[in-house]
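Chemist: Got a structure here, written out as structure tokens. Questions coming.
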Amino acid sequence: MSASKHGKTDKPTDADLKNNPQIGGSKGARAAGMTPDDLELAQGESTFEGDIENQTNDKGGVDKPFRDGPPLRPRQG
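Numbering of the sequence shown is given in our numbering, commencing with residue 16 and proceeding in unit increments.
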């Protein structure tokens, strides 16, 4: 049996989050140069423009005339 490369600690640490606070952030956010503060501000943000471009109805769904095509799978019921 071989020894592990790192010693085991008694309690978990969050050193990886302190070293790289964008763990869990998207590649696009990192490529755009977003800071952790920018990510926090953008968390869960929705835009009116996106809703208009996606042609959503009041409940956030897409009406049948605006779909790109038929469903990929028929409904099972």
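Just so it is clear, CB atoms sit at the ideal spot from N, CA and C, and this is done for glycine as well.
Name the DSSP bridge partner or partners of T71?
Modeler: The partner list for T71 (beta bridge, DSSP) reads V77.
Chemist: Quick test of your reading: L54 and A44, contact by CB under 8 angstroms. State the CB separation rounded to the nearest angstrom.
Modeler: Their Cβ separation, rounded to whole angstroms, is 6 angstroms, which keeps L54 and A44 in contact under 8 angstroms.
Chemist: Expressed to the nearest angstrom, what Euclidean distance is found between the alpha-carbon atoms of K79 and P27?
Modeler: When rounded, the distance between both Cα atoms is 50 angstroms.
Chemist: Looking at the structure shown, is K20 part of a helix, part of a strand, or coil, going by DSSP?
Modeler: Coil.
Chemist: Reducing DSSP to helix, strand and coil, say where K42 ends up.
Modeler: If DSSP states are grouped into helix, strand and coil, K42 belongs with the helices.
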